[in-house]
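Written below as structure tokens is the structure these notes are about.
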Ligand SMILES: Cc1cc2nc3c(=O)[nH]c(=O)nc-3n(C[C@H](O)[C@H](O)[C@H](O)COP(=O)(O)O)c2cc1C
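See the structure below:
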């Protein structure tokens, strides 16, 4: 069976899910199979040769399904190549403080697994999608979506993942 990469993500409003899907498409362009799954739904990582975990920042913390996934599968993940990405409004064009904050949010994950690489991507802030708040935002006509995801950067990192994780393309 060809070796496969798992991309396990947490996402509340869908922006990080789309990043995970774009990463999987980029991995496949390199001739390596990739599955994309919500981190909370993954029961078994043993099928995978490498794993990528990703989550957005909410109030300075990683959306918890991702760190919980790492905690749940820590033993199995220790024996595999793992990389991570973090997304957030502050990470579109991040300064040193933004990177420091993102790394702080990743501390729990890093204490459990060794990360071969970490990427930081912008997010999509969509006030209209926040329950309750969204209703009033729409009512006030201020439904301004701020999307600072850079698809070229996301695709470039995705294409590099098989090499980073040491997974060869199927012949
Ligand atoms: C309530 C709330 C809190 C947020 N807190 C942060 C934050 O601390 N740092 C940051 O960079 N982005 C923050 N964001 C932006 C999200 O990380 C960004 O919108 C992300 O793309 C959402 O991902 P999702 O659609 O997969 O849930 C916040 C967004 C909301 C709605």
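Residue numbers (the numbering used here): -13 to 157. Think of the CB as a built atom: it goes at the ideal place given N, C-alpha and C, for glycine as much as any other residue.
Item: Excluding the five sequence neighbours on either side, which residues of its own chain have a C-beta within less than 8 Å of the C-beta of residue 102, listed in chain order?; Value: 67, 68, 69, 150 and 151
Item: Below 6 Å CB to CB, which residues in the same chain sit around residue 72 once its five sequence neighbours on both sides are set aside?; Value: 88 and 106
Item: Could you name the residues of the same chain whose beta carbon sits closer than 7 Å to that of residue 13, not counting the 5 residues immediately before and after it, in chain order?; Value: -9, 20, 144, 147 and 148
Item: Can you list, in chain order, the stretches of the beta strand (DSSP E) that have 3 or more residues and sit fully within the region 29 to 91?; Value: 36 to 44 and 68 to 73
Item: What residue does the alpha helix (DSSP H) around residue 24 start on, and which one ends it?; Value: Segment 19 to 24 is the beta strand (DSSP E) holding residue 24; no alpha helix (DSSP H) there.
Item: Check whether the region -5 to 14 touches the region 41 to 54, taking contact to mean three or more Cβ pairs, one atom from each stretch, closer than 8 Å.; Value: yes
Item: Could you check where the beta strand (DSSP E) with residue 95 kicks off and where it finishes?; Value: Element bounds for residue 95: not the beta strand (DSSP E) but the alpha helix (DSSP H), 93 to 98.
Item: Going by the CB atoms, is the gap between residue 110 and residue 133 shorter than 8 Å?; Value: yes
Item: Taking the beta strand (DSSP E) that residue 104 belongs to, which residues open and close that run?; Value: 101 to 107
Item: Express the C-alpha separation of residue 104 and residue 31 in angstroms, rounding to a whole number.; Value: 20 Å
Item: Which first and last residues belong to the beta strand (DSSP E) in which residue -7 is found?; Value: -10 to -5
Item: For residue 83, count neighbouring C-beta atoms within 10 Å of its own C-beta (all shown protein chains included) and say buried if the count is 16 or more, exposed if not.; Value: exposed
Item: Taking only heavy atoms of ligand 1 into account, decide whether any of them is closer than 7 Å to the Cβ of residue 149.; Value: no
Item: Three-state secondary structure (DSSP) at residue 110?; Value: strand
Item: Report the residue from 16, 91 and 51 whose alpha carbon sits nearest the alpha carbon of residue 3.; Value: 51
Item: Taking 8 Å as the threshold (C-beta atoms), are residue -11 and residue 22 in contact?; Value: no
Item: Are the beta-carbon atoms of residue 130 and residue 154 separated by less than 8 Å?; Value: no
Item: In the DSSP assignment, what are the bridge partners of residue 132?; Value: 111
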